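Chemist: Let me begin by handing over the structure; questions about it come next.
2 protein chains.
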Amino acid sequence: MARVETKPKTRIQTEKHGRILEAALDVFSENGFRGSTIDQIAAAAGMSKPNLLYYFKNKQDIHQTLISRLLDVWLAPLEELNEAGDPVTEITSYVRRKLEMSQNYPRESRLFANEILQGAPHIQAKLDGELKELVDREAAIIKRWISDGKIAKLDPHHLIFSIWATTQHYADFDVQVRAVLGPGRGGDRRHADAAAFLEAFYVRALKP
Amino acid sequence: MARVETKPKTRIQTEKHGRILEAALDVFSENGFRGSTIDQIAAAAGMSKPNLLYYFKNKQDIHQTLISRLLDVWLAPLEELNEAGDPVTEITSYVRRKLEMSQNYPRESRLFANEILQGAPHIQAKLDGELKELVDREAAIIKRWISDGKIAKLDPHHLIFSIWATTQHYADFDVQVRAVLGPGRGGDRRHADAAAFLEAFYVRALKP
DNA sequence: CAGATTCTTGATCATTTGGAAAAATTATTA
DNA sequence: TAATAATTTTTCCAAATGATCAAGAATCTG
Numbered sequence: 001m002a003r004v005e006t007k008p009k010t011r012i013q014t015e016k017h018g019r020i021l022e023a024a025l026d027v028f029s030e031n032g033f034r035g036s037t038i039d040q041i042a043a044a045a046g047m048s049k050p051n052l053l054y055y056f057k058n059k060q061d062i063h064q065t066l067i068s069r070l071l072d073v074w075l076a077p078l079e080e081l082n083e084a085g086d087p088v089t090e091i092t093s094y095v096r097r098k099l100e101m102s103q104n105y106p107r108e109s110r111l112f113a114n115e116i117l118q119g120a121p122h123i124q125a126k127l128d129g130e131l132k133e134l135v136d137r138e139a140a141i142i143k144r145w146i147s148d149g150k151i152a153k154l155d156p157h158h159l160i161f162s163i164w165a166t167t168q169h170y171a172d173f174d175v176q177v178r179a180v181l182g183p184g185r186g187g188d189r190r191h192a193d194a195a196a197f198l199e200a201f202y203v204r205a206l207k208p
Numbered sequence: 209m210a211r212v213e214t215k216p217k218t219r220i221q222t223e224k225h226g227r228i229l230e231a232a233l234d235v236f237s238e239n240g241f242r243g244s245t246i247d248q249i250a251a252a253a254g255m256s257k258p259n260l261l262y263y264f265k266n267k268q269d270i271h272q273t274l275i276s277r278l279l280d281v282w283l284a285p286l287e288e289l290n291e292a293g294d295p296v297t298e299i300t301s302y303v304r305r306k307l308e309m310s311q312n313y314p315r316e317s318r319l320f321a322n323e324i325l326q327g328a329p330h331i332q333a334k335l336d337g338e339l340k341e342l343v344d345r346e347a348a349i350i351k352r353w354i355s356d357g358k359i360a361k362l363d364p365h366h367l368i369f370s371i372w373a374t375t376q377h378y379a380d381f382d383v384q385v386r387a388v389l390g391p392g393r394g395g396d397r398r399h400a401d402a403a404a405f406l407e408a409f410y411v412r413a414l415k416p
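Protein chains in written order, with our numbering: chain A, 1 to 208; chain B, 209 to 416.
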């Protein structure tokens with residue numbers, strides 16, 4: 001019959017779909033969209049190229065699927081700023097969650113970084129829509145905390161950017177971080193050290 | 209005669225070399241290494257592909273040249289931490305210089321980001337050597353400032369990472385920054401706002 | 001200005017890569 | 001189990017791309 005167009009239906013489809021996306025995440029996050037070939041992805045997923053193309057109609061289709069799922073997962077932790085909680089704690093624990101995501105999902109972080117670096121051709125609309133709205137909402141909460149004198153007066157949007165930048169740095173620029181820290185401190189310790197640094201850093205910057 | 213191997217000699221070589229590298233910076237920074245074609249670069253440099261290949265023996269050669277020159281320029285501002293100066297001022301003005309580089313040389317920033325994202329295949333050695341040594345040297349200065357109680361106790365290496373991350377973010381993630389800030393604040397103002405934010409942010413985090 | 005050198009171009013190749021078609025195989029179900 | 005549907009493989013193609021080369025055009029030098 002015709003090629004699989006939308007959602008997986010059979011047992012095999014579900015499984016293969018998953019294997020392909022998993023493999024594609026590996027390949028795309030390492031080589032970028034244009035640097036990745038269907039063959040590579042197929043090989044990583046343990047199947048032939050035409051077989052892969054039976055499940056996804058082309059390379060873009062795989063990438064698109066990956067990217068749009070990503071954005072949801074990626075933004076999840078920002079949803080959880082609780083206005084009623086202690087502001088400094090709320091923000092530092094957001095920093096911690098975001099850093100943990102960089103540690104646990106470095107491939108996703110790199111996939112995202114690649115996409116943005118190339119000018120976000122596939123998610124511009126989501127950035128202008130969903131993302132902006134979400135950030136504006138959280139920025140409003142931060143602004144109120146500032147008005148109430150609960151944290152230092154710092155531009156909320158740029159504060160959020162700084163959190164994204166500092167945390168994602170540990171995933172996206174991992175090679176550089178390791179190189180600079182050297183064999184000792186660049187090992188497994190680096191994440192714990194980063195967490196400790198960021199905690200101290202944001203507490204100092206935020207407390208009124 | 210044989211192809212140009214090392215340094216430009218004639219007037220024409222000097223000029224064409226420059227044009228090619230300039231064009232390549234445009235193209236590579238926008239599309240990454242594998243996403244860029246020799247044809248694109250040649251077109252951007254206003255010459256034919258074979259003509260371009262008369263000056264550089266292949267695509268990698270252009271990229272390599274660009275990347276290795278880049279690292280020197282890129283690290284320059286870090287050299288200028290003056291131990292005798294006022295610590296907070298020294299660091300915030302380093303932040304400012306780095307941010308200005310992101311504004312004035314976004315292509316270089318993206319080229320670098322691309323390279324690191326792909327695992328730094330062409331500059332791993334420089335990261336382990338030059339870069340690490342430079343950072344260690346500056347970290348030592350910061351450490352002494354901390355020991356002398358002149359600035360807050362914060363891990364120097366991670367502090368430097370945070371500066372790189374927050375400043376480069378404005379070049380590498382520019383599309384995202386613009387999208388989130390929206391048409392108003394995402395315009396020309398965004399750099400000045402970023403500068404003001406980072407200044408306030410680092411002063412607060414650093415002062416003892 | 002003539003010869004030597006440097007530069008440019010048009011034609012051409014070989015490879016890689018995204019993708020399609022159809023045949024062959026395997027699973028599902030009536 | 002026979003018929004049908006789903007999956008996989010084999011084979012192939014066309015476009016894109018990195019790279020070469022020989023010949024012609026321009027430039028430089030004595």
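Glycine included, each C-beta is placed from N, C-alpha and C at the ideal position.
For clarity, every value in this text was computed on a predicted model and none was experimentally measured.
Measuring alpha carbon to alpha carbon, tell me which of Thr-245(B), Gln-376(B), Glu-341(B) ends up nearest Ala-321(B).
Modeler: Along the second sequence, read from residue 1 onward, the residue named residue 321(B) stands at position 113. When each option's Cα is compared against that of Ala-321(B), the closest is Gln-376(B).
Chemist: Alpha carbons only, please: which of Ile-349(B), Glu-238(B), Gln-332(B), Tyr-263(B) is nearest the one belonging to Thr-219(B)?
Modeler: As a position in the second sequence, residue 219(B) is number 11, starting the count at 1. Note that residue 219(B) is Arg in the sequence shown, not Thr. Selected option, being the one with the closest Cα: Tyr-263(B).
Chemist: Consult DSSP for Asp-86(A) and reduce its assignment to one of helix, strand or coil.
Modeler: As a working mapping, residue 86(A) is identified with position 86 in the first sequence. Three-state DSSP puts Asp-86(A) in coil, outside helix and strand.
Chemist: Apart from the five residues on each side of it in sequence, which residues of its chain come closer than 6 Å, Cβ to Cβ, to Ser-237(B)?
Modeler: Taking the first residue of the second sequence as 1, we reach residue 237(B) at position 29. For Ser-237(B), where only same-chain residues beyond five positions count, the Cβ hits under 6 Å are Arg-315, Arg-318, Leu-319.
Chemist: With a threshold of 6 Å on Cβ separation, who are the neighbours of Phe-33(A) within its own chain once the five nearest residues in sequence on each side are excluded?
Modeler: For the purposes of this step, residue 33(A) is taken as residue 33 along the first sequence, with counting starting at 1. For Phe-33(A), where only same-chain residues beyond five positions count, the Cβ hits under 6 Å are His-63.
Chemist: Just verifying my parser: in three-state terms, what is the DSSP assignment at Gly-254(B)?
Modeler: For the purposes of this step, residue 254(B) is taken as the residue at position 46 of the second sequence. In this structure, Gly-254(B) counts as coil in the three-state DSSP scheme.
Chemist: Can you give me the start and stop residues for the alpha helix (DSSP H) that His-225(B) sits inside?
Modeler: If you number the second sequence from 1, residue 225(B) lands on position 17. Per DSSP, His-225(B) belongs to the alpha helix (DSSP H) from 219-243.
Chemist: Apart from the five residues on each side of it in sequence, which residues of its chain come closer than 7 Å, Cβ to Cβ, to Leu-389(B)?
Modeler: The sequence position of residue 389(B) within the second sequence is 181, counting from 1. These residues qualify, in order along the chain: Arg-398.
Chemist: Can you tell me where the alpha helix (DSSP H) with His-122(A) in it begins and where it stops?
Modeler: Taking the first residue of the first sequence as 1, we reach residue 122(A) at position 122. No alpha helix (DSSP H) contains His-122(A), which DSSP labels as neither H nor E.
Chemist: Pop quiz: Val-343(B) and Ile-368(B) are said to be a contact at Cβ under 8 Å. What is the actual Cβ separation, rounded to whole angstroms?
Modeler: As a first step, residue 343(B) must be located in the second sequence, where it is residue number 135. As a first step, residue 368(B) must be located in the second sequence, where it is residue number 160. Contact holds; Cβ gap of about 6 Å.
Chemist: Please report the residue range of the alpha helix (DSSP H) in which Gly-184(A) lies.
Modeler: Residue mapping note: residue 184(A) aligns to position 184 of the first sequence, counting from 1. Note, Gly-184(A): alpha helix (DSSP H), 174-185.
Chemist: For Lys-224(B), I'd like the list of residues in its chain whose CB is within less than 6 Å of its CB, leaving aside the five on either flank, ordered along the chain.
Modeler: Taking the second sequence and counting its residues from 1, the one referred to as residue 224(B) is at position 16. Excluding sequence neighbours, Lys-224(B) sits near Tyr-263.
Chemist: How would you label Ser-36(A), buried or exposed, when you count the other beta carbons within 10 angstroms and need 16 or more for buried?
Modeler: As a working mapping, residue 36(A) is identified with position 36 in the first sequence. When all chains shown are included, Ser-36(A) counts as buried.
Chemist: Does any C-beta atom of chain A lie closer than 8 Å to the C-beta of Arg-242(B)?
Modeler: Counted from its first residue, the second sequence places residue 242(B) at position 34. It does; some Cβ of chain A falls within 8 Å.
Chemist: What residues in the stretch 71-87 of chain A bring their beta carbon closer than 7 Å to a beta carbon of chain B?
Modeler: Of all residues in the stretch 71-87 of chain A, none has a Cβ within less than 7 Å of some Cβ in chain B.
Chemist: Three or more C-beta pairs closer than 8 Å, one from the stretch 398-416 of chain B and one from the stretch 168-178 of chain A: is that the case here?
Modeler: No, the stretch 398-416 of chain B is not in contact with the stretch 168-178 of chain A.
Chemist: Taking Glu-308(B) as the reference, give the member of Ile-331(B), Glu-323(B), Ala-284(B) with the closest Cα.
Modeler: For this step, residue 308(B) is matched to residue 100 along the second sequence. Of the listed residues, the one whose Cα sits closest to Glu-308(B) is Ala-284(B).
Chemist: The alpha helix (DSSP H) with Ala-347(B) in it runs from where to where?
Modeler: Locating residue 347(B) in the second sequence gives position 139, counting from the first residue. Taken as a continuous stretch (DSSP letters only), the alpha helix (DSSP H) holding Ala-347(B) covers 340-355.
Chemist: So which residues on chain B does Ala-113(A) lean against when the C-beta distance must stay under 9 Å?
Modeler: Sequence index remark: in the first sequence, residue 113(A) carries index 113 (1-based). Within 9 Å Cβ-Cβ: Ala-321, Leu-325, Asp-380, Phe-381.
Chemist: Going by the beta-carbon positions, is the gap between His-330(B) and Glu-338(B) smaller than 8 Å?
Modeler: In the second sequence, the residue the question calls residue 330(B) occupies position 122. In the second sequence, the residue the question calls residue 338(B) occupies position 130. Contact flag unset, no.
Chemist: Rounded to the nearest angstrom, how far is the Cβ of Ile-38(A) from that of Leu-21(A), given a contact under 8 Å?
Modeler: Sequence index remark: in the first sequence, residue 38(A) carries index 38 (1-based). Sequence index remark: in the first sequence, residue 21(A) carries index 21 (1-based). 14 Å between Cβ atoms; not a contact.
Chemist: With a threshold of 8 Å between beta carbons, is Gln-384(B) in contact with chain A?
Modeler: Counting from one through the second sequence, the residue named residue 384(B) turns up at place 176. Chain A, which has a Cβ nearer than 8 Å to the Cβ of Gln-384(B), makes this yes.
Chemist: So, helix, strand or coil for Glu-100(A), using DSSP?
Modeler: Here residue 100(A) is taken as the residue at index 100 of the first sequence, counted from 1. The answer is helix: DSSP assigns Glu-100(A) an H, G or I state.
Chemist: Quick check on Leu-260(B): does DSSP put it in helix, strand or coil?
Modeler: Walking along the second sequence from the start, residue 260(B) turns up at place 52. Helix, per DSSP.
Chemist: Is any beta-carbon of chain B found at less than 8 Å from that of Gly-187(A)?
Modeler: Numbered from 1 along the first sequence, position 187 holds the residue referred to as residue 187(A). So, not an interface residue.
Chemist: When you check each C-beta in the stretch 17-32 of chain A against every C-beta of chain B, which residues fall closer than 8 Å?
Modeler: Correct list: Glu-30, Asn-31, Gly-32.
Chemist: Could you list the residues in the stretch 256-277 of chain B with a C-beta less than 7 Å from some C-beta on chain A, going in chain order?
Modeler: Within the stretch 256-277 of chain B, no residue qualifies.
Chemist: Name the chain A residues whose beta carbon is nearer than 7 Å to that of Asp-356(B)?
Modeler: The residue you call residue 356(B) lines up with position 148 of the second sequence. Within chain A, no residue comes near Asp-356(B); the closest Cβ sits about 18 Å away, beyond 7 Å.
Chemist: Which first and last residues belong to the alpha helix (DSSP H) in which Ala-400(B) is found?
Modeler: The count along the second sequence starts at 1 and reaches residue 400(B) at position 192. That run of the alpha helix (DSSP H) goes 397-414.
Chemist: Give me, in chain order, the residues of the same chain whose beta-carbon lies closer than 8 Å to that of Gln-118(A); leave out the 5 immediate sequence neighbours on both sides.
Modeler: Locating residue 118(A) in the first sequence gives position 118, where the first residue counts as 1. Gly-32, Phe-33.
Chemist: Using DSSP with H/G/I as helix, E/B as strand and the rest coil, what is Leu-278(B)?
Modeler: Here the question's residue 278(B) lines up with position 70 in the second sequence. Leu-278(B) falls in the helix class under three-state DSSP.
Chemist: Buried or exposed, going by whether 16 or more other CB atoms sit within 10 Å of the CB of Pro-295(B)?
Modeler: For this step, residue 295(B) is matched to residue 87 along the second sequence. The residue is buried, with at least 16 neighbouring Cβ atoms inside 10 Å.
Chemist: Which bits of chain A does Val-343(B) rub up against, with CB to CB less than 7 Å?
Modeler: One-based indexing of the second sequence puts residue 343(B) at position 135. Correct list: Val-180.
Chemist: If we define contact as Cβ-Cβ less than 8 Å, is Arg-304(B) a contact residue for chain A?
Modeler: As a working mapping, residue 304(B) is identified with position 96 in the second sequence. So, not an interface residue.
Chemist: Could you name the residues of the same chain whose beta carbon sits closer than 7 Å to that of Gln-40(A), not counting the 5 residues immediately before and after it, in chain order?
Modeler: The residue you call residue 40(A) lines up with position 40 of the first sequence. Within the same chain, Gln-40(A) has close Cβ partners Val-27.
Chemist: Could you have a look at Ile-151(A) and say whether DSSP puts it in helix, strand or coil?
Modeler: Here residue 151(A) corresponds to residue number 151 of the first sequence, with the count starting at 1. Reduced to three states, the DSSP call for Ile-151(A) is coil.
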